[in-house]
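Q:
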Amino acid sequence: MSAQTALAPGFDVEKIRADFPTLSREVNGKPLVYLDSAATSQKPRAVIDRITKFYAEEYSTVRRSIHLLSAKATQAYEGTRRAVAKLLNAPETRQIIFTKGTTEGINLVAHGYGRKFIGAGDEIVVSATEHHANIVPWQMLCNEKGAKLRVIPVNDAGELILEEYEKLLNEKTKLVSVGHVSNAIGTIHPVKEMIALAHAKGIPFLVDGAQAAPHMNVDVQDLDCDFYVFSGHKACGPTGIGILYGKVDILERMDPFLGGGDMIESVTFEKTTYAPIPHKFEAGTPAIADVIGLGTAIEYLQSIGLDKIAAWEHELLEYGTKVLSEIPGVTIIGTAKHKAAIISFTIDGIHPHDIGSLLDQEGVAIRAGHHCAQPVMARYGLPATARASFAFYNTKVEIDALGEAIRKTIEVFA
Amino acid sequence: MSSATLYGEQIVYLSKHPKNFRAIENPNYMCEGANPLCGDKVTVYVNVDDGGAVSDIAFQGVGCAICIASASMMTAAVKGKQKEDIDTLFHEFHKMVKGELDVEKEPNHLGKLAMFSNVSNYPVRVKCASLPWHAMHNALEQKKDASTE
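Heads up: the protein sequence lines correspond to chains A and B, in order.
Those letters in the first sequence? Residues 254 to 667, per the numbering used here, in order.
Those letters in the second sequence? Residues 363 to 511, per the numbering used here, in order.
1. I'd like the span of the alpha helix (DSSP H) that includes residue 537 of chain A, first residue to last.
2. By the 7 Å beta-carbon criterion, what residues does the stretch 367-378 of chain A contribute toward chain B?
3. DSSP beta-bridge partners for residue 542 of chain A?
4. Which residues, in chain order, does the stretch 425-446 of chain B contribute to contact with chain A at a C-beta distance below 9 Å?
5. Residue 401 of chain B versus chain A: which residues are under 7 Å apart at the beta carbon?
6. Kindly indicate which three-state DSSP category residue 316 of chain A falls into: helix, strand or coil?
7. Taking only three categories from DSSP, how would you classify residue 600 of chain A?
8. Here's a check: name, in chain order, each residue in its chain whose Cβ is nearer than 7 Å to the Cβ of residue 462 of chain A, leaving out the five neighbours to either side.
9. Quick one: Cα of residue 463 of chain B to Cα of residue 284 of chain A, how far?
10. Whole angstroms is fine: what's the gap from residue 606 of chain A's alpha carbon to residue 322 of chain A's?
11. For the candidate residues A:595, A:621 and A:554, whose alpha-carbon lies nearest to that of residue 571 of chain A?
12. List, in order along the chain, the chain A residues whose C-beta lies closer than 9 Å to that of residue 376 of chain B?
13. Any idea which residues DSSP pairs residue 620 of chain A with across the strands?
14. Taking just the CA atoms, how far does residue 394 of chain B sit from residue 310 of chain A?
15. So, for residue 507 of chain B: in the same chain, excluding its five sequence neighbours on each side, which residues have a beta-carbon less than 7 Å away from its beta-carbon?
16. On the DSSP letters alone, give me the boundaries of the beta strand (DSSP E) that residue 402 of chain B sits inside.
17. Assuming contact is defined by CB atoms lying nearer than 8 Å, are residue 422 of chain A and residue 371 of chain A in contact in what I supplied?
18. Can you list the residues of chain A that residue 368 of chain B reaches, using a CB-CB cut of under 7 Å?
19. In its own chain, which residues sit with a C-beta less than 7 Å from the C-beta of residue 510 of chain B, not counting the 5 before and 5 after it?
20. Could you check how far apart the C-beta atoms of residue 440 of chain B and residue 425 of chain B are, in whole angstroms? I think they sit under 8 Å.
21. For the stretch 465-489 of chain B, which residues have a CB atom closer than 7 Å to at least one CB atom of chain A, in sequence order?
22. Strictly under 8 Å for the Cβ-Cβ distance: is residue 433 of chain A near chain B by that measure?
23. Could you list which residues in chain B have their beta carbon closer than 7 Å to that of residue 458 of chain A, in chain order?
24. Starting from residue 430 of chain A, trace the beta strand (DSSP E) both ways and give me its first and last residue.
25. With which residues is residue 352 of chain A paired in a DSSP beta bridge?
26. CA-CA distance, residue 312 of chain A and residue 326 of chain A?
27. Hey, which unbroken runs of the alpha helix (DSSP H) at 4 residues or more fall wholly within the stretch 551-596 of chain A?
28. Where does the unbroken alpha helix (DSSP H) through residue 436 of chain A begin, and where does it stop?
29. Check whether the Cβ of residue 666 of chain A lies closer than 8 Å to any Cβ atom in chain B.
30. In whole angstroms, what separates the C-alpha of residue 508 of chain A from that of residue 501 of chain A?
31. Would you call the CB atoms of residue 639 of chain A and residue 574 of chain A closer than 8 Å?
32. Is residue 550 of chain A a contact residue of the ligand NAP, with contact defined as CB to any heavy atom under 7 Å?
Spelled out as structure tokens, the structure:
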């Protein structure tokens with residue numbers, strides 16, 4: 254390990270790496286260098302063990318049955334809700350709704366809030382850097398209702414142009430939905446300031462926190478957002494589980510998303526009354542083991558400390574930016590002042606997919622493509638980029654390996 | 363490096379200096395092949411002579427090295443050939459990149475196209491190699507459709 258630990262003193266990354274079984278494996282005969290955590294994070298042993306233990310020793314359904322196992326499962330399941338509330342500093346635990354992931358969280362708001370409160374001629378504002386998950390549900394809603402999608406433009410560095418954003422906010426604007434961190438180019442957007450501007454005009458604000466919640470302290474009360482969504486699998490938790498936080502009054506006014514068991518108060522063939530929040534939005538048997546696994550993942554992240562995670566990842570970002578900038582022919586896409594540990598890049602004359610395949614041969618796993626953010630790629634006139642994304646378990650030695658593999662890639666095409 | 367198995371010298375060379383990389387004005391047939399998942403896009407232009415043979419074929423587009431090299435080799439391979447022979451190459455090439463045809467052991471007509479056999483070891487790249495072939499095939503199928511109308 255490099256001795257440069259100015260930003261994150263005492264951060265013992267080797268000790269952390271020992272918690273992640275996948276990180277010690279080889280790929281194509283080389284040690285795995287996993288730089289695709291923005292797609293999905295690796296899982297610590299504690300999460301894997303917790304899920305196994307639940308299935309092997311404690312398995313039962315939640316909130317339905319009277320027997321001991323179900324009571325215990327419910328306790329563990331609701332424990333995760335409390336852990337998430339604490340993680341986000343939500344005022345109340347009932348503001349935390351379990352979803353399948355960020356995508357479902359946004360779709361839930363588009364249905365439950367959008368279909369009820371957004372109509373013909375209304376406007377929804379998103380940014381030019383959104384993931385498709387924060388574009389398509391709104392587009393579908395706009396098509397259905399005759400509403401209009403407005404887009405906050407972005408400058409060459411990847412920063413939203415706030416003067417243009419302010420101009421977009423008007424009496425027709427019914428919702429603003431913006432990613433906290435761009436998955437494609439890494440910009441950390443000034444959502445707190447943007448939320449205040451929207452609220453000054455009485456407009457609710459959804460924050461897509463898929464790329465933020467696992468990497469920094471998020472305080473929904475400080476942000477004052479109306480909704481915050483993220484995915485468990487990008488936060489060291491299992492796939493198939495995500496979180497929607499919402500303000501109580503707005504969640505209570507919303508319609509349910511899916512109908513079914515568990516989300517009701519009483520059902521007759523004439524009329525159904527819905528359960529109070531959060532259960533109103535949680536129809537059907539949930540991903541019980543995965544919810545419990547997410548609880549363990551959050552415990553794990555908090556045991557390290559999100560402030561320390563953010564500091565270490567920032568150090569990796571600075572080091573990675575330096576290493577890649579020194580390689581002739583490499584261009585970094587996204588040079589915002591405030592960035593998360595995501596580096597999108599291109600190499601002169603080499604298609605990102607060829608970069609991806611050649612780096613893979615060196616054991617270096619990155620993402621190559623449009624990152625489910627085609628409008629961002631179009632903004633920079635690119636069909637695709639290569640993207641290295643870092644997590645707290647990455648090291649500077651791995652970034653050196655990335656740099657070396659990029660140099661080899663350039664040699665192949667020399 | 364070990365990935366030379368996928369990025370052989372000839373494939374890298376052709377990706378930078380593809381043959382028949384141009385448009386044909388007023389072609390008999392053309393087809394744009396696109397892979398929306400990765401953004402690769404190849405337009406294939408074909409002229410066919412009175413005897414039914416491909417008299418000229420060219421392509422333009424953007425794509426990864428595998429795609430562009432494959433398009434270059436495809437145009438060279440089908441030029442001058444009849445539709446039946448091209449169909450044979452199309453099916454054999456497809457089987458090869460999917461790992462269903464061992465060019466070393468099984469009889470085939472692929473010749474130099476065998477340089478793409480290692481693509482079968484990289485399942486996510488199969489579409490890159492086969493995209494120009496699909497575009498060419500679809501272009502020629504239009505002819506078939508047109509002739510039956």
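Using N, Cα and C, we set each Cβ at its ideal position, and we do this for glycine too.
No experiment lies behind these values; they were computed from the predicted model shown.
A: Short version:
1. From DSSP, residue 537 of chain A is part of no alpha helix (DSSP H); its letter is neither H nor E.
2. Answer in chain order: no residues at all.
3. DSSP lists no bridge partner for residue 542 of chain A.
4. Listed by position, the residues of the stretch 425-446 of chain B near chain A (Cβ gap below 9 Å) are 425, 426, 427, 428, 429 and 430.
5. Residues of chain A passing the Cβ test: 623, 636 and 637.
6. Here residue 316 of chain A carries a coil assignment [DSSP, helix/strand/coil].
7. Correct three-state label for residue 600 of chain A: strand.
8. The beta carbon of residue 462 of chain A lies closer than 7 Å to those of 433, 471, 481, 482 and 483 in the same chain, with the five residues before and after it left out.
9. Near 32 Å, if we compare the C-alpha coordinates of residue 284 of chain A and residue 463 of chain B.
10. So the alpha carbons of these two residues sit roughly 49 Å apart.
11. Closest by alpha carbon: A:595.
12. Simply none; closest approach about 12 Å.
13. Under the DSSP definition of a beta bridge, residue 620 of chain A partners with A:640.
14. Our two residues, residue 310 of chain A and residue 394 of chain B, have alpha carbons roughly 56 Å apart in a direct line.
15. Confidence is the limiting factor: at residue 507 of chain B the pLDDT is only 37, short of 50, which leaves the residue's position unreliable, though a coordinate-based value still follows. Contacts found: none.
16. Its beta strand (DSSP E) spans residues 402-410.
17. No; because the gap between Cβ atoms is not below 8 Å, this pair is not in contact.
18. Those within 7 Å of residue 368 of chain B in chain A are 610.
19. Below a pLDDT of 50, predicted positions are generally treated as unreliable, and residue 510 of chain B, at 30, falls in that range; no measurement from the model is reported.
20. Residue 440 of chain B to residue 425 of chain B, Cβ: 18 Å. No contact.
21. Of all residues in the stretch 465-489 of chain B, those with a C-beta nearer than 7 Å to a C-beta of chain A are 484 and 487, reading in chain order.
22. Proximity of residue 433 of chain A to chain B, defined by a Cβ-Cβ separation below 8 Å, is not satisfied.
23. Here the premise fails: no neighbours, minimum Cβ distance about 32 Å.
24. Unbroken beta strand (DSSP E) run through residue 430 of chain A: 426-432.
25. Paired residue(s): A:495.
26. About 7 Å.
27. Here the runs fully enclosed are 559-578.
28. Secondary structure note for residue 436 of chain A: it is in no alpha helix (DSSP H), with a DSSP letter that is neither H nor E.
29. Answer yes: the Cβ-Cβ gap between residue 666 of chain A and chain B drops below 8 Å somewhere.
30. Taking the straight line joining both Cα atoms gives about 13 Å.
31. No, the Cβ-Cβ distance between residue 639 of chain A and residue 574 of chain A is not below 8 Å.
32. With respect to the ligand NAP, the structure shown offers nothing to examine, as it has no ligands at all.
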